[in-house]
Structure formats: C-alpha cells, structure tokens
Amino acid sequence: MEQGHFGHYTGNARHSKTPVTKSNVHAAERDDAAHISYLKRDIDYDAKHGHSDKNMTADEKHISKLAGDMKYDKKHHSPAANLKNVLSGKQRY
C-alpha cells in the first residue's frame with residue numbers, strides 16, 4: 021500500500037486524491053462501472069479491427085483490477101457493511 025497525502029490507497033484508487041469512504045462509495049462504484057464499460061467497448065473495437073492482443077489483454081487485466089476494487093469497496097465501505105460491523109460489535113472507525 022502506498023501512503024498518500026490523504027491516507028492509504030489500494031488498487032487503482034492509489035492514484036486518486038479522494039479515498040473511498042462510506043459517503044462516496046456509490047459514486048466510486050458508478051465511476052468504476054463506467055470505466056469497465058469503456059474498456060469492454062475498447063476490447064470489442066480492437067477485436068473487430070485487428071488490433072494488438074497485448075493491448076486487449078492489458079484492458080482485460082484492468083477490468084479485473086477494477087472489479088476487485090469494486091468488490092473491496094463494497095465489502096469495506098458500503099453502508100450495509102458498516103451496519104453489519106456495528107451489529108456484530110466490529111465497528112469500523
């Protein structure tokens with residue numbers, strides 16, 4: 021993990037100035053979903069126009085990383101996850 025001006029970052033968020041919190045998790049999720057959608061369209065375009073397999077593989081890896089970020093954010097920052105932690109006595113601060 022890298023240490024930034026605003027705290028620790030993981031995954032693609034380490035290049036962002038705004039870490040994911042329970043108040044902005046939905047916006048981060050929408051952003052990641054839009055990015056995944058763009059990458060999928062890019063892969064389809066490359067496949068139809070004979071572009072580099074190397075670039076397509078890089079896009080696929082990027083999609084996997086974004087999906088992992090979304091899964092992590094949902095598990096650790098979503099309001100439902102925080103409620104579950106409060107109810108189980110594992111409250112996160």
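Under this note's numbering, the first residue of the sequence shown carries the number 21, and numbering increases by one thereafter.
The beta-carbon is built from N, C-alpha and C at its ideal position, and this holds for glycine as well.
Keep in mind the model is a prediction, meaning the values are calculated, not measured.
Please confirm whether residue i and residue j have their CB atoms less than 8 Å apart.
i, j, result
"Ile63", "Glu80", "yes"
"Lys60", "Ile83", "yes"
"Asp93", "Ala53", "no"
"His97", "Thr38", "no"
"Asp66", "Asn75", "yes"
Nearest to residue i by CA position, among the options, is which residue?
i, options, result
"Leu86", "His46, Lys42 and Asp51", "Asp51"
"Lys95", "His71, Tyr65 and Val45", "Val45"
What first and last residue would you give for the alpha helix (DSSP H) that runs through residue i?
i, result
"His69", "Looking at the DSSP string, His69 is not in any alpha helix (DSSP H), and its letter there is neither H nor E."
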